[in-house]
Amino acid sequence: MAFNHTDSSQYVFGPDPDQNPAQFFFNPPKIKSFAFTAPNFGNNLRVSTIKNEKLAALVELANEQGRISMPLAYGMGFVTGIYENLVPVLSSQVGFMEFKKVGIVNQNRTAKYTVKLFNQLVWSIYLSGDPNVDLQLADNNHIVGNNASRLCVVQVCKGESPAYDDACGKYPIDAKLSGSVDPDRKTGTYAFNYETHGSSNSGSTLVWCLPHHQVTLKEDIKKRDSGMQLDSPTNGPMRGYVTDKLEFEVPNLPLDIGFEPWTAVDGFGFNPGNYTNEVKQLIGQIATEEVEQDVAGQCDLDSMYFGGKQLDKYAYLAMVTHFVLQDQNLTGKILPKIKAAIEKYASNQQQHPLRYDESWKGVISDTPPDQDFGNSNYNDHHFHYGYHIHAIAIVARIDPSWLTANDNLIKNYALTLIRDYGNPSDSDPYFPQFRNFDWFHGHSFAHGIFPSGDGKNEESSSEDYHSIYALKLYGQIINNQELEMAANLMLGIERTALNYYMMYTSDNNLLPQRFTANKVSGILFENKIDFATFFGRGTVGDEFVHGIHMIPITPMSSYMRGSKYVKEEWDAKLAGIVDKIPDGWQGILKLNAGLFDPKYSWKWFSRPDWQNNLIDPGMTRSWALAYLAGIGGAR
């Protein structure tokens with residue numbers, strides 16, 4: 001098993017290495033600084049995953065001689081190899097330039113060595129568990145034990161520090177997630193509780209925290225700061241803490257953000273009084289035309305993603321007619337249409353029905369893997385199903401009895417989709433817990449089960465938090481506080497993580513300025529960030545790349561996309577191109593501008609010389625106007 005670490009100084013920028021801002025950067029792959037192995041270990045080798053949990057896994061390499069077990073956990077401070085009935089060997093393709101035995105640490109339980117590779121980088125090696133084994137430099141590519149060991153533990157870490165000496169000998173074998181929300185304080189807490197083996201001088205192991213962790217760490221954990229820093233591949237510098245537990249407190253959870261329009265822009269806020277007769281007259285004129293559209297035809301698509309977007313679009317239209325306009329006639333026209341469209345999916349009568357997959361325990365489309373964005377291979381499930389859940393929550397708010405009609409048809413459908421992508425339960429035998437949301441990274445990943453050299457990825461930060469916002473609203477509708485509060489906590493975590501790793505204000509110093517000048521990530525991989533989308537960059541400028549991180553604009557958008565960021569992005573990248581965009585991406589960017597200037601956006605959407613081709617097929621003009629007027633844009 002090989003492993004490596006790259007510093008930010010090793011980032012590769014491209015495609016033009018001198019371009020500023022760069023389109024992408026990545027960490028050079030396949031550098032085998034170290035590998036755990038043993039003499040003649042390649043013969044009849046079996047590789048297996050003994051345990052695979054949300055935050056930890058156990059990988060085992062074994063043959064008839066013995067085995068090497070490698071416990072893996074998010075944040076682990078050491079790469080640990082547990083040798084049984086083998087001579088421990090560390091190999092390196094980079095090569096060992098210098099090797100030195102430093103002495104005995106950890107109360108005489110652990111031998112310490114340092115090694116400098118030919119790339120001039122220094123690593124520390126710790127050997128515990130068998131005093132009869134000593135490591136020696138055999139040649140420039142191999143460090144070999146002098147004896148076979150019934151059981152010994154080899155730990156490797158980047159650099160040299162007394163904190164490593166205090167934590168060596170102990171390592172995590174599992175990590176459990178816990179969390180809670182205090183509604184009165186609008187604060188959430190969550191923790192990674194590491195189960196460890198071994199003994200260390202400090203009584204704890206060492207774990208690394210990402211930048212979004214560091215700003216929410218509880219004070220008692222901050223006191224265990226090792227003073228060490230280590231670059232992550234695409235999330236900025238990590239800090240090391242000597243602890244067996246990471247606990248965080250997340251303030252300002254969006255408990256008060258519900259269905260109604262909401263904004264964080266100073267001087268603006270939702271007030272039903274903002275819907276004056278003049279405003280309602282304009283919205284009513286537009287809604288009168290929109291409710292006549294072919295809802296059944298527009299929603300009956302060969303894609304769970306595009307179908308879901310249409311369901312959500314018309315659910316929002318029904319919300320406008322029912323709650324804003326309070327027009328029973330218009331609601332009577334649109335509501336039955338959107339109900340029937342959702343019921344077709346709930347009855348599994350859409351063009352490509354869903355089926356349950358016993359291997360990965362999920363519901364997938366019957367499309368081939370190269371269609372519907374790879375839904376059948378688990379790509380983008382939170383994007384796809386989040387639109388369906390959000391639409392269901394809106395319609396159920398209008399008519400709560402609809403959820404349980406037809407023998408719980410809609411309720412059962414919603415529950416199935418939620419269990420697939422956002423299941424809070426860790427004891428569901430049919431679906432995993434939180435398939436898409438990564439509690440350590442602080443956001444979801446969209447990547448499914450396709451192999452990828454740069455790891456998992458996510459393209460749309462906005463459809464990520466929209467899927468969680470959908471869980472929050474649906475939990476509210478069915479009075480499921482566990483689901484609602486879990487979603488609130490996830491949204492609070494994402495707010496920090498997304499604004500560190502995917503949306504870049506001018507003061508972002510976590511990632512290279514050569515890249516953050518793009519203002520948005522594009523596609524965030526675990527090993528690369530690429531200012532692009534999977535479908536192009538734009539027809540005029542880079543509106544696709546920026547816009548995919550905006551859609552859909554909802555009350556949650558302003559919580560996530562703060563006015564400071566949106567204004568910076570607008571001034572730097574969008575103001576000069578927006579009026580040249582010939583299609584619905586212009587409408588997306590114009591509504592997004594309402595997150596810093598609601599009056600500007602209102603003026604654009606309410607103008608008399610309206611052009612329907614400039615609004616995105618996934619949104620209605622009625623909702624855009626209702627949102628902007630609701631927060632005061634028409635005042």
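In full-length UniProt numbering, the protein residues as written are 1 to 635. For glycine and all other residues, C-beta sits at the position ideal for the given N, C-alpha and C.
#1: For the alpha helix (DSSP H) containing Ser461, list its first residue and its last residue.
#2: If we count Cβ pairs, one from each stretch, closer than 8 Å, do we get three or more for the segment 254 to 263 versus the segment 608 to 623?
#3: So which of Val144, Val153, Val87 has the shortest CA-CA distance to Met70?
#4: Cutting at 8 Å between CB atoms, please list the residues of its own chain near Pro598, excluding the five before and the five after it.
#5: Between His5 and Thr496, what straight-line distance do the alpha-carbon atoms span, to the nearest angstrom?
#6: In or out: Asn356 buried (at least 16 other Cβ within 10 Å) or exposed?
#7: For His213 versus Tyr500, is the C-beta spacing smaller than 7 Å?
#8: Considering only the alpha carbon of each residue, which of Ser606, Ile394, Asn488, Phe450 lies closest to Gly422?
#9: By DSSP, does Phe535 sit in helix, in strand, or in coil?
#10: Work out the CA separation of Ser303 and Asn457 for me, nearest whole Å.
#11: Kindly indicate which residue of Ile577, Leu45, Val520, Leu510 has the alpha-carbon position closest to the one of Met502.
#12: With burial defined as no fewer than 16 other Cβ atoms inside 10 Å of the residue's Cβ, what is the status of Gln350: buried or exposed?
#13: Secondary structure at Val291, three-state DSSP: helix, strand or coil?
#14: State the start and end residues of the unbroken alpha helix (DSSP H) segment that holds Lys222.
#15: Check whether the Cβ atoms of Gly77 and Val207 sit closer than 7 Å, and answer yes or no.
#16: My understanding is that Phe96 touches Leu117, with C-beta atoms under 8 Å, so please give their C-beta distance in whole angstroms.
#17: Looking at C-beta atoms only, is the number of pairs between the segment 572 to 585 and the segment 598 to 615 that lie closer than 8 Å three or more?
#18: Would you call the segment 171 to 178 and the segment 460 to 470 in contact, with 3 or more CB pairs under 8 Å?
#19: Is the segment 125 to 135 close to the segment 106 to 115, with three or more CB pairs under 8 Å?
#20: I need the DSSP call for Phe515, collapsed to helix, strand or coil.
#21: Return helix, strand or coil for Trp402, following the three-state DSSP convention.
#22: Please state if the CB of Pro251 and the CB of Asn27 are separated by a distance shorter than 7 Å.
#23: Could you tell me whether the segment 384 to 398 touches the segment 307 to 320, using the rule of 3 or more Cβ pairs below 8 Å?
#24: Is Lys472 buried or exposed, if buried means 16 or more other CB atoms sit within 10 Å of its CB?
#25: Can Phe248 and Leu217 be called in contact, C-beta distance under 7 Å?
#26: Which of the three DSSP states, helix, strand or coil, is assigned to Asn76?
#27: Buried or exposed: where does Lys333 fall if 16 or more other Cβ atoms within 10 Å of its Cβ makes it buried?
#28: Please confirm whether His381 and Asp428 have their CB atoms less than 7 Å apart.
#29: Taking the beta strand (DSSP E) that Thr110 belongs to, which residues open and close that run?
#30: Starting from the C-beta of Ser365, find all residues in its chain whose C-beta is less than 7 Å away, skip the five residues before and the five after it, and write them out in chain order.
#31: Are the CB atoms of Phe41 and Phe3 within a distance shorter than 7 Å?
#32: Excluding the 5 residues flanking Glu290 on each side, which residues of the same chain have their C-beta closer than 6 Å to its C-beta?
#33: Taking Gly101 as part of the beta strand (DSSP E), name the residues at either end of that continuous run.
#34: Look at Ala532 and Ile523 and say whether their C-beta atoms are less than 7 Å apart.
#35: For Phe440 versus Tyr190, is the C-beta distance shorter than 7 Å?
#36: Where does Asn488 fall in DSSP's three states?
Walking through what the data contain:
#1: Stepping through the sequence shown from its first residue, residue 461 is reached at position 461. Its alpha helix (DSSP H) spans residues 461 to 477.
#2: no
#3: If you number the sequence shown from 1, residue 70 lands on position 70. Ranking Val144, Val153, Val87 by Cα distance to Met70 puts Val153 first.
#4: Residue 598 sits at position 598 when you count from the first residue of the sequence shown. Counting only Cβ-Cβ distances below 8 Å, and skipping sequence neighbours, we find Thr263, Val265, Phe268, Leu628, Ile631, Gly632, Gly633.
#5: On the sequence shown, position 5 is the one that residue 5 refers to. On the sequence shown, position 496 is the one that residue 496 refers to. Rounded to the nearest angstrom, the two C-alpha atoms are 25 Å apart.
#6: Counted from its first residue, the sequence shown places residue 356 at position 356. A quick correction: the sequence has Tyr, not Asn, at residue 356. Tyr356 is exposed by the Cβ-count criterion.
#7: The sequence position of residue 213 within the sequence shown is 213, counting from 1. The sequence position of residue 500 within the sequence shown is 500, counting from 1. His213 is not a Cβ neighbour of Tyr500, given a cutoff of 7 Å.
#8: Residue mapping note: residue 422 aligns to position 422 of the sequence shown, counting from 1. It is Asn488 whose Cα lies nearest to the Cα of Gly422.
#9: The sequence position of residue 535 within the sequence shown is 535, counting from 1. DSSP places Phe535 in coil when its eight states are reduced to three.
#10: For the purposes of this step, residue 457 is taken as the residue at position 457 of the sequence shown. For the purposes of this step, residue 303 is taken as the residue at position 303 of the sequence shown. Distance between the alpha carbons of Asn457 and Ser303 is about 21 Å.
#11: Within the sequence shown, numbered from 1, the residue matching residue 502 stands at position 502. Comparing Cα-Cα distances from Met502 to each of Ile577, Leu45, Val520, Leu510, the minimum goes to Val520.
#12: What you label residue 350 is simply residue 350 of the sequence shown in a count that begins at 1. Buried, since its Cβ has 16 or more Cβ neighbours within 10 Å.
#13: Working through the sequence shown from its first residue, we reach residue 291 at position 291. In this structure, Val291 counts as coil in the three-state DSSP scheme.
#14: The sequence position of residue 222 within the sequence shown is 222, counting from 1. Looking at the DSSP string, the run of the alpha helix (DSSP H) that includes Lys222 is 219 to 222.
#15: Within the sequence shown, the letter at position 77 stands for residue 77. Within the sequence shown, the letter at position 207 stands for residue 207. Their beta carbons are under 7 Å apart, which means Gly77 touches Val207 by this criterion.
#16: Looking up residue 96 in the sequence shown gives position 96. Looking up residue 117 in the sequence shown gives position 117. About 6 Å; that satisfies the 8 Å criterion.
#17: yes
#18: no
#19: yes
#20: Start at 1 with the first residue of the sequence shown, and residue 515 comes out as number 515. Residue state, collapsed to three classes: helix.
#21: By one-based count along the sequence shown, residue 402 stands at place 402. Looking at Trp402 - three-state DSSP - the assignment turns out to be helix.
#22: Along the sequence shown, read from residue 1 onward, the residue named residue 27 stands at position 27. Along the sequence shown, read from residue 1 onward, the residue named residue 251 stands at position 251. Cβ distance not < 7 Å, so Asn27 and Pro251 don't count as in contact.
#23: yes
#24: Your numbering for residue 472 matches position 472 in the sequence shown. Buried, since its Cβ has 16 or more Cβ neighbours within 10 Å.
#25: Locating residue 248 in the sequence shown gives position 248, counting from the first residue. Locating residue 217 in the sequence shown gives position 217, counting from the first residue. Against a cut-off of 7 Å, the Cβ pair of Leu217 and Phe248 comes out as a contact.
#26: Taking the first residue of the sequence shown as position 1, residue 76 is located at position 76. In the sequence as presented, Asn is not what sits at residue 76; that position holds Met. DSSP places Met76 in strand when its eight states are reduced to three.
#27: For the purposes of this step, residue 333 is taken as the residue at position 333 of the sequence shown. With 16 or more Cβ atoms within 10 Å of its Cβ, Lys333 is classed as buried.
#28: Reading the sequence shown from its first residue, position 381 is the one you call residue 381. Reading the sequence shown from its first residue, position 428 is the one you call residue 428. With respect to Asp428, His381 sits apart: the two C-beta atoms are not nearer than 7 Å.
#29: Numbered from its first residue, the sequence shown carries residue 110 at position 110. Run containing Thr110: 110 to 117, per the beta strand (DSSP E) assignment.
#30: Working through the sequence shown from its first residue, we reach residue 365 at position 365. By the criterion of a C-beta distance shorter than 7 Å, Ser365 is surrounded in its chain by Met304, His352, Leu354, Asp372, Asn375, Ser376, once the five residues flanking it on both sides are discounted.
#31: By 1-based counting over the sequence shown, the position of residue 3 is 3. By 1-based counting over the sequence shown, the position of residue 41 is 41. It is not a contact, given that the beta carbons lie outside the stated cut-off.
#32: For this step, residue 290 is matched to residue 290 along the sequence shown. Leu317, Thr620, Ser622, listed in sequence order.
#33: Counting from 1 along the sequence shown, the entry for residue 101 is found at position 101. In the sequence as presented, Gly is not what sits at residue 101; that position holds Lys. Per DSSP, Lys101 belongs to the beta strand (DSSP E) from 96 to 105.
#34: Position 532 of the sequence shown holds residue 532. Position 523 of the sequence shown holds residue 523. Yes, they are a contact pair.
#35: Within the sequence shown, residue 440 is the residue found at index 440, counting from 1. Within the sequence shown, residue 190 is the residue found at index 190, counting from 1. No, the pair does not count as a contact, with Cβ atoms beyond the cut-off.
#36: The sequence position of residue 488 within the sequence shown is 488, counting from 1. Looking at Asn488 - three-state DSSP - the assignment turns out to be helix.
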